[in-house]
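Sequences listed follow chains A and B, in order. Under my numbering, think of the first position of the first sequence as 3, with each following residue one higher. Under my numbering, think of the first position of the second sequence as 3, with each following residue one higher. Below: one structure, written as structure tokens.
Protein chains: 2
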Amino acid sequence: MAAKQYSFGKHYLVEFIGCPGERLRYVDDIRGPLLEAARLSGATVLESYFHQFEPQGVTGMIFIAESHFSIHTWPESGYAAFDILTCGEMFPDKAIDHLNGVLQAARVEMRILTRGFSEETS
Amino acid sequence: MAAKQYSFGKHYLVEFIGCPGERLRYVDDIRGPLLEAARLSGATVLESYFHQFEPQGVTGMIFIAESHFSIHTWPESGYAAFDILTCGEMFPDKAIDHLNGVLQAARVEMRILTRGFSEETS
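Right, here's the structure in full:
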């Protein structure tokens, strides 16, 4: 029994742990670093959107030609959940390194999952 | 050695496989079903954004109070990559069932990952 893989992209799930809360509070803390991370990764940015939670916390999303970037922050916990879904040639590590530098995480954890499916061929 | 878990949410990665291409082509095919899926899941919708690729294919994103929904479609392959990141009490299965009904996937695959981290406590 063989299987053919149909891969449409890689999904990077990144946990930024132990960040100073003041790095994660406001859209103005996150917008610039996220857009710069996308640029460094080689993504083609289409649109970007940010939401400010009260009293603090941010959701940010960038639509890229290659799929998306998203970030959600919990300043009170020093934690941010970041993901990149990419179906193109990109350098996600450069984006993650840049964000890590800005967010000053004590620890970073990453999982990489293939998006798509496989089909049995015989 | 014990570890304390800090869970900030569940990330549902869903593959819709073998959909009729005409279900996946245009923003107008996806916007209504995605918003209805969010409503059925119990999410609090904040904002939604859609991008039309030419000649076909869609990126859609909903910001919810509990984090996000995203979808990316490949009509020519009958495939859509869907994800829900939720940090609240929701019913993601209801969203997935609704989208599955509309997109008419021949097969659905789902992975559920916990977002957050653990710390050793002793």
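Here a beta-carbon is modelled for each residue, glycine too, at the ideal position from N, C-alpha and C. From a predicted model like this one, the values you see are computed outputs, not experimental measurements.
Taking 9 Å as the cut-off between beta carbons, the residues of the region 71-84 of chain A near chain B are 72, 74, 76, 79, 81 and 83, in sequence order. At least one C-beta of chain B is nearer than 8 Å to the C-beta of residue 61/A.
Bounds of any beta strand (DSSP E) do not take in residue 40/A; it lies within the alpha helix (DSSP H) bounded by 29-43.
Of all residues in the region 94-121 of chain B, only 109, 111, 113, 115, 117, 118 and 119 place a beta-carbon less than 8 Å from a beta-carbon of chain A.
Using a Cβ distance threshold of 8 Å, residue 13/A and residue 61/B do not count as a contacting pair. Among the residues facing chain B, residue 42/A is not included, as its CB has no counterpart in that chain under 8 Å away. DSSP places residue 48/A within a strand segment (E or B) once states are collapsed to three.
When 9 Å is used as the limit between beta carbons, residue 69/B is near these residues of chain A: 61, 72, 74 and 83, in chain order. Taking 8 Å as the threshold, the shortest C-beta distance from residue 28/B to chain A does not fall below it. Taking the beta carbon of residue 51/B as reference, the chain A residues within 8 Å of it are 49, 51, 63 and 65, listed in sequence order.
Residue 93/A is positioned such that its CB atom lies no closer than 8 Å to that of residue 50/A. Closer than 8 Å to the CB of residue 32/B there is not a single CB belonging to chain A.
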